[in-house]
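Heads up: the structure comes next, in structure tokens.
Numbering (the numbering used here), first residue to last: 708 to 1337.
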């Protein structure tokens, strides 16, 4: 895990000046790489790379970046891990390549030299890569399949730049810090900004499973290099529940084992929920030893605790278990001091707890930690979601043949007919596809009321959703009867998972100089999830059924089948009276600075409405972000 930056100059520049800019950008991310640093600048000062190193594999100086091939024709900055790099290394050595380190970075260079950009298909890992091909004068910016690692870029006309974190760009004199209205609009729809947008104008992120190809004088090309639906025909034909469970277990075992490859201490986050408990069990099985596990306990007005469950699992697998207790009395202070970590506002309620958990892990000198992200998305773990989806598609089918004037009437009455989920009714009446309201914070009418300056007339969040569904139907041969859970999994992989859940794990983990690894998001497991029928994801009212049946080989019933809590509880639990008062103060003060954008009266009224916690939480996170960066 590391921090990477790069600058491509379109005009001539003094080499010393370029070096200074790279160094300043690079060193905004010391937290991502406290163990070392490096720079490379081309002879003509047109290309420069910078790197901060968190040493995980090959701790010697041989692993320093930026790194090149012996001919100096391929240069790389790399953030992440290629878990199967030893397998690829053996193949490359058989082809005659001579290694000078034990790193996966060198494997990427030689793999690209041998197979070109198609080498990406050989990698099993998480990665953000900046690669310069001197032979072709091409820059590649590459993001891993599911977007575990973020990668941003900007083009100001004089310089094309990339970085692991947005804050690095603001050390460059040619980058202006401005709010993106389009990014803002989508943030209030989803609770985070969908790729390629950010909340900063003219700063973008590479979508998961894509790479950007840049060549001076040409428009950058964004290319999709992986899609989970491309390989559905290659999945095994399985018939019984037992066959699915056994195949899944073998994938999980191998995924966990691969993610224990490290030259530094490793462990696991352990909440006592199904996902983290199963990871703990499999890590113990695969390593044959007790592992270090970590959990957080929240006390105060709205205590959140899963310690009893975490202790049960820790005792069963004899882990070295560490717990840190924090108080919600100090949440305001935590927010104000630590929001710079995120670069963009994210509406997950567990940011503070996750930050403390990551700090506890680092304080105990554990550098690599396995986490449970992705399981709920792959195996339909969100209870009630399936019922919502089925209800929506029943409406969609019902409305499809109605005259347009009746559809228009239904649309206008949506907020009266179905006040809890008015956008579902609105979209169904218009023949639009479903997108999940749990990640859909402000509906279309709410955004009309929230914004003053016609943002709702300028942008459409549905256009983003529509493009994803169009691709989905193309790849599934327009089978509109395909399993609904697969539609939702596809949408989760395209937005909420990479740009909300994984982004906060990366930013918070890296702020504390640790490397989180997500075994459920091994691409083989993701592709297999599209081959699991919904009847095995939900059975007899049990969500994540196939995963729970698989876990029965390791875990007690009280862990597998207990009620789902969610890390750090719900938004409603987080917004205690004290924190709500804090939110009111921060939101109102920031909105007053942005009267040209926000409707102050609407915002003020939110605090007196029932069931407005998600909207308040979304505003609070934006206000804290705005206070931090502007």
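Don't be surprised by glycine CBs; every beta carbon is placed ideally from N, CA and C.
Starting from the C-beta of residue i, find all residues in its chain whose C-beta is less than 8 Å away, skip the five residues before and the five after it, and write them out in chain order.
{"i": "residue 1265", "result": "1016, 1019"}
{"i": "residue 1309", "result": "1156, 1157"}
{"i": "residue 1006", "result": "1012, 1032, 1033, 1034, 1035"}
{"i": "residue 865", "result": "716, 717, 718, 881"}
{"i": "residue 726", "result": "746, 748, 755"}
Do residue i and residue j have their CB atoms nearer than 9 Å?
{"i": "residue 1157", "j": "residue 1305", "result": "yes"}
{"i": "residue 756", "j": "residue 748", "result": "yes"}
{"i": "residue 1153", "j": "residue 1322", "result": "yes"}
{"i": "residue 832", "j": "residue 1065", "result": "no"}
{"i": "residue 870", "j": "residue 858", "result": "yes"}
{"i": "residue 837", "j": "residue 711", "result": "yes"}
{"i": "residue 875", "j": "residue 774", "result": "no"}
{"i": "residue 1075", "j": "residue 927", "result": "no"}
{"i": "residue 1204", "j": "residue 937", "result": "no"}
{"i": "residue 1222", "j": "residue 788", "result": "yes"}
{"i": "residue 854", "j": "residue 1206", "result": "yes"}
{"i": "residue 739", "j": "residue 872", "result": "yes"}
{"i": "residue 1073", "j": "residue 1161", "result": "no"}
{"i": "residue 939", "j": "residue 1051", "result": "no"}
Please go through the same chain and pick out, in chain order, the residues whose beta-carbon is closer than 6 Å to the beta-carbon of residue i, but skip the five residues on each side of it.
{"i": "residue 1214", "result": "1048, 1049"}
{"i": "residue 754", "result": "715, 839"}
{"i": "residue 1138", "result": "Since pLDDT at residue 1138 reaches only 49, below the 50 mark, its modelled position is unreliable, and the value read off the structure follows with that caveat. Closer than 6 Å at Cβ, skipping near neighbours: no residue."}
{"i": "residue 1143", "result": "Annotation note: pLDDT 49 at residue 1143 (below 50); position unreliable, no value reported."}
{"i": "residue 1218", "result": "738, 1048"}
{"i": "residue 817", "result": "799, 804"}
{"i": "residue 884", "result": "877"}
{"i": "residue 770", "result": "808, 810"}
{"i": "residue 1090", "result": "1250"}
{"i": "residue 1055", "result": "1211"}
Would DSSP call residue i helix, strand or coil?
{"i": "residue 1314", "result": "coil"}
{"i": "residue 1046", "result": "helix"}
{"i": "residue 977", "result": "coil"}
{"i": "residue 715", "result": "strand"}
{"i": "residue 876", "result": "helix"}
{"i": "residue 769", "result": "helix"}
{"i": "residue 823", "result": "helix"}
{"i": "residue 1056", "result": "coil"}
{"i": "residue 1170", "result": "helix"}
{"i": "residue 921", "result": "strand"}
{"i": "residue 865", "result": "coil"}
{"i": "residue 787", "result": "strand"}
{"i": "residue 870", "result": "strand"}
{"i": "residue 810", "result": "coil"}
{"i": "residue 897", "result": "helix"}
{"i": "residue 720", "result": "coil"}
{"i": "residue 1326", "result": "helix"}
{"i": "residue 1339", "result": "No information on residue 1339 is available, as it lies outside the stretch 708 to 1337 that the chain covers here."}
{"i": "residue 942", "result": "coil"}
{"i": "residue 1246", "result": "strand"}
{"i": "residue 1287", "result": "helix"}
{"i": "residue 835", "result": "strand"}
Taking residue i as the reference, which of the options has the closest Cα?
{"i": "residue 1297", "options": "1318, 1312, 1335, 1269", "result": "1335"}
{"i": "residue 776", "options": "722, 841, 744", "result": "841"}
{"i": "residue 1043", "options": "720, 879, 743, 1333", "result": "1333"}
{"i": "residue 1003", "options": "1090, 994, 976, 981", "result": "976"}
{"i": "residue 1171", "options": "762, 1067, 900", "result": "900"}
{"i": "residue 981", "options": "1236, 1268, 1311, 997", "result": "1268"}
{"i": "residue 1013", "options": "967, 1025, 983, 854", "result": "983"}
{"i": "residue 1070", "options": "1057, 1001, 964", "result": "1001"}
{"i": "residue 1227", "options": "992, 1180, 745, 1077", "result": "1077"}
{"i": "residue 1087", "options": "969, 902, 1250", "result": "1250"}
{"i": "residue 1325", "options": "1290, 1315, 997, 1299", "result": "1290"}
{"i": "residue 768", "options": "812, 1045, 1021, 1260", "result": "812"}
{"i": "residue 1314", "options": "1303, 1295, 1328", "result": "1295"}
Going by beta carbon distance, what residues of the same chain come within less than 7 Å of residue i, once the five residues before and after it are set aside?
{"i": "residue 1239", "result": "951, 1253"}
{"i": "residue 1038", "result": "1059, 1286"}
{"i": "residue 1317", "result": "none"}
Does chain C have any CB closer than 9 Å to the CB of residue i?
{"i": "residue 910", "result": "The structure shown contains no chain C, having only a single protein chain."}
| field | the segment 949-959 / the segment 1248-1260 touching (three or more Cβ pairs under 8 Å) | value | Yes: the two stretches touch, three or more of their Cβ pairs being nearer than 8 Å.
| message | If contact is defined by three or more beta carbon pairs under 8 Å, each pair taking one atom from either stretch, is the segment 840-857 in contact with the segment 906-919? | response | Yes, the segment 906-919 touches the segment 840-857.
| query | Does the segment 1026-1035 come within contact of the segment 928-938, defined as at least 3 CB pairs closer than 8 Å? | reply | When Cβ pairs closer than 8 Å are counted between the two stretches, the segment 1026-1035 is seen not to touch the segment 928-938, the count staying below three.
| message | Could you check whether the segment 1227-1243 touches the segment 958-968, counting it as contact only if at least three pairs of C-beta atoms, one from each stretch, sit closer than 8 Å? | response | Yes: at least three Cβ pairs fall under 8 Å.
| query | Does the count of Cβ pairs from the segment 1021-1033 and the segment 1195-1204 closer than 8 Å reach three? | reply | Not touching, per the Cβ criterion.
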